[in-house]
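Residue numbers (the numbering used here), protein chains in the order written: chain A, 623 to 1046; chain E, 147 to 321.
Note that CB positions come from ideal geometry on N, CA and C, so glycine has one too.
Worksheet: the structure to be examined is printed underneath.
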Amino acid sequence: MSIALSLGLLLFLLLLSLPVVSALGLAAFLAPVLGEPINSSSIIRTMLTAMDSFPLLAVPLFILAGEIMTRGGLAQRLFYLADVMVGRFTGGLAMATVLACLFFGAISGSAPATVAAIGSMSIPILVSRGYEKPFATALVICAGTLGVIIPPSIPLIIYGAAANVSVGKLFIAGIFPGFVVGFSLLVYAYIYGRMHKHHITTSGSDVSAWQTLKNSVWALFTPVIVLGGIYSGVFTPTEAAAIAVAYGLFVAVVIYGEIKFSEIPSVVSSAVTTIAPILIIAAAGTAFGRVLTLMQAADFIGHYVNNVVAGPIALLLLINILLIFIGMFMEKLASIIVMTPILLPLVVPYGIDPIHFGLIMVVNLAIGFITPPVGVNLYIGSEISGIPVMKVARHIVQPVCFLLIALALITYIPAISTWLPAHF
Amino acid sequence: METDPHPSSKARTAIVWLFNNFERILVASFLSLFSIVLILQVFMRFVLRMPLPWPEEFSRYLLIWTAFVGSSLAVKESRFINIDILPTMSRGWFTHALRWTMHIGFMAFCMVSTYFSIDFIHRVANSGQVSPAMGIPMWIVYSAAPIGLTLATLRTIETLITGADLKAGHFEDKS
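This is the structure:
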């Protein structure tokens, strides 16, 4: 009973627009009041020890690395490279946008950052080539989710901490699901290009293909170092993140010269702005998740769920619907931290691999970045293009349908996520 | 920035600036420090093949401080994350009621956490627990919670008085 009360209280506090961190924290502290034998000072201990974590250090480091790569002109070079690769096809420039997000996803762990980095550059170019602005905006909002699916990925780091699964393996597991999502959007871009007769393409850059490749090779080398290091077992994800910071600075300052030495503090400062509100949410979320575990919430919910569904197919369908719904309203990192201890014990008895389940959760919540009313990508996209949120929201319906197909494939074909990590 | 009533006093301006920015400076320093230390450790481990014993521990403790001081920075800059369905729909007195509910709820969280963290830190200090690699008393590490959350409480009061959250557009259109 107190489980339902605690979850209800959390929802109520969230709806009252309390900062997510305080809704989670207060819901945790009020559990003893609801009659649960939980020591209040153990709640604060959980908050502190949640941050005392080497894997979680990768979160601020990848945010800093992403900030350096965006300001360092890496996003721009990746976009031109993508344009050289697919720009000449029907709907090519739209496909180049998707591909650029896919490349950028391999150096950034954040979805909104990917929308900002690629969108601010690709939307004006797409519009100047005759694409409709709401389409261009919606496309980059959706493709931005590749930032959290293609490794590195901040939600996957958080899931790894919550589910006690190797972050390195999760990163490796994210590669193919990222391709599936990317491919679904490439198909969408192609169909759209065909239907709207966007044959005239390419960004019109007068730089040769060879030069473009040479320009972007330094950027492309980032995922090689980061993923290659993790893949071969040489680095931990946190060490890889530290290397990404060092390498990003080297490329941006020395090679490309886009960041002056004196500008480094301002780059660090903008990373700080992003980092400040999220770590404490992870701390409070872990505390609330721990309270739910102590209340045996998974057993409680499992009891109800097992009455409704029989078998893993129906269970995963139910979980997907639940996660999409939560993703619409809830802050994504907090959702992962709170929902993992509840949902993971439900699916493990059905033989679902925790790594596969992590990808299901992250792809679901990535869609939550797009969908109103609480979709950060949507707001960033609308800010970049200057189109009102609700107008952009109408145009995300089509690409989101393609994302749902990708989600279904990732959910029901475990091998997409588990094949690659099983070989290392 | 702030207008200075005494243009001659540079020291005063500096203090005001520091007062407005110290969390940002702290968090940026923590972030830079553990980035550098971890890069150094990667270098020590993979190039010189003699890893240092302390960087991992040092970085993790800085992460604790980053999280808690960061919460105060988030308040200061009205950047905390909330579900803003009601604020975007609300008008007039309801907006103000929500704003106060939100800030009071946040302060309640900070104060309850601070209260229990002091209790917790007392026990850690009495047990004499020190960190394994560097030997720093653990109560110093864990003081991040009461210090960061007390700062956050004070910043919330400041925000309520100055209305910085209103200026930041927290109640009209926010992502």
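Think of a sphere of 8 Å around the beta carbon of Ile-897/A: the chain E residues whose beta carbon falls inside it are Val-173, Leu-177, Thr-212 and Gly-216, in chain order.
Boundaries of the alpha helix (DSSP H) harbouring Leu-232/E: 231 to 235, taken from the DSSP string. In this structure, His-1017/A is the residue among Thr-915/A, Ser-788/A and His-1017/A with its C-alpha nearest to the C-alpha of Pro-994/A. Chain-order list of chain E residues neighbouring Leu-632/A: empty, with the shortest C-beta distance near 11 Å, by a criterion of under 9 Å. Exposure of Gly-281/E is indicated by the presence of fewer than 16 other C-beta atoms within 10 angstroms of its C-beta. Taking a beta-carbon distance threshold of 8 Å, Arg-170/E counts as an interface residue toward chain A. Contact between the segment 833 to 846 of chain A and the segment 864 to 884 of chain A is present: three or more C-beta pairs spanning the two stretches fall below 8 Å. Per DSSP, Pro-197/E lies in no alpha helix (DSSP H) segment and is marked neither H nor E.
Residue environment analysis places Tyr-814/A among the buried positions, since at least 16 neighbouring C-beta atoms fall within 10 angstroms of its C-beta.
As the crow flies, the alpha-carbon of Leu-696/A is around 26 Å from that of Lys-791/A.
Residues of chain A with a Cβ closer than 7 Å to the Cβ of Phe-165/E do not exist; the shortest Cβ-Cβ separation is about 17 Å.
Residue environment analysis places Ser-854/A among the exposed positions, since fewer than 16 neighbouring C-beta atoms fall within 10 angstroms of its C-beta.
In terms of Cα proximity to Glu-304/E, the closest of Phe-266/E, Ser-224/E and Phe-240/E is Ser-224/E.
Here the alpha carbon of Val-770/A sits roughly 16 Å from the alpha carbon of Gly-741/A. A straight-line Cα-Cα distance of about 36 Å links Pro-971/A and Ile-763/A.
Between Ile-982/A and Glu-953/A, the alpha-carbon positions lie close to 17 Å from each other. When secondary structure is reduced to three states using DSSP, Asn-228/E falls in the strand class. Secondary structure within the segment 707 to 771 of chain A: not one fully enclosed beta strand (DSSP E) run of 3 or more consecutive residues is present.
Assigned with DSSP and collapsed to three states, Val-276/E falls in strand. Assigned with DSSP and collapsed to three states, Pro-654/A falls in coil, not helix or strand. In summary, Asn-986/A is buried, with 16 or more beta-carbon neighbours lying within 10 Å of its beta-carbon over all protein chains present. Between Gly-647/A and chain E, the shortest Cβ-Cβ separation is below 8 Å.
Of the candidates Pro-774/A, Val-706/A and Val-720/A, Pro-774/A places its Cα closest to the Cα of Phe-793/A. Below the 9 Å Cβ cutoff, chain A contributes Ser-639 as neighbours of Pro-233/E, in chain order. Here DSSP, grouped into helix, strand and coil, assigns Pro-283/E to strand. According to the DSSP assignment, Gln-1020/A belongs to the alpha helix (DSSP H) that extends over 1019 to 1034. Nearest in C-alpha terms to Thr-671/A, of all of Arg-206/E, Met-257/E and Lys-222/E, is Arg-206/E. Among the residues of the segment 242 to 274 of chain E, those with a Cβ less than 8 Å away from any Cβ of chain A are Leu-244, Thr-247, Met-248, Gly-251, Phe-252, Ala-254, Phe-255, Cys-256, Val-258, Ser-259, Phe-262, Ser-263, Asp-265, Phe-266 and Arg-269, in the order of the chain. Per the DSSP secondary-structure output, Pro-641/A pairs in a beta bridge with Asn-228/E. With a threshold of 8 Å between beta carbons, Ser-155/E makes no contact with chain A.
The continuous alpha helix (DSSP H) containing Ser-662/A extends over residues 662 to 673.
A straight-line Cα-Cα distance of about 34 Å links Ser-891/A and Arg-237/E. Among the residues facing chain A, Ala-220/E is included, as its CB has a counterpart in that chain under 8 Å away. Not one beta carbon of chain A lies nearer than 8 Å to the beta carbon of Asp-311/E. Contact of Arg-237/E with chain A by beta-carbon distance below 7 Å is absent, the smallest such distance being about 14 Å.
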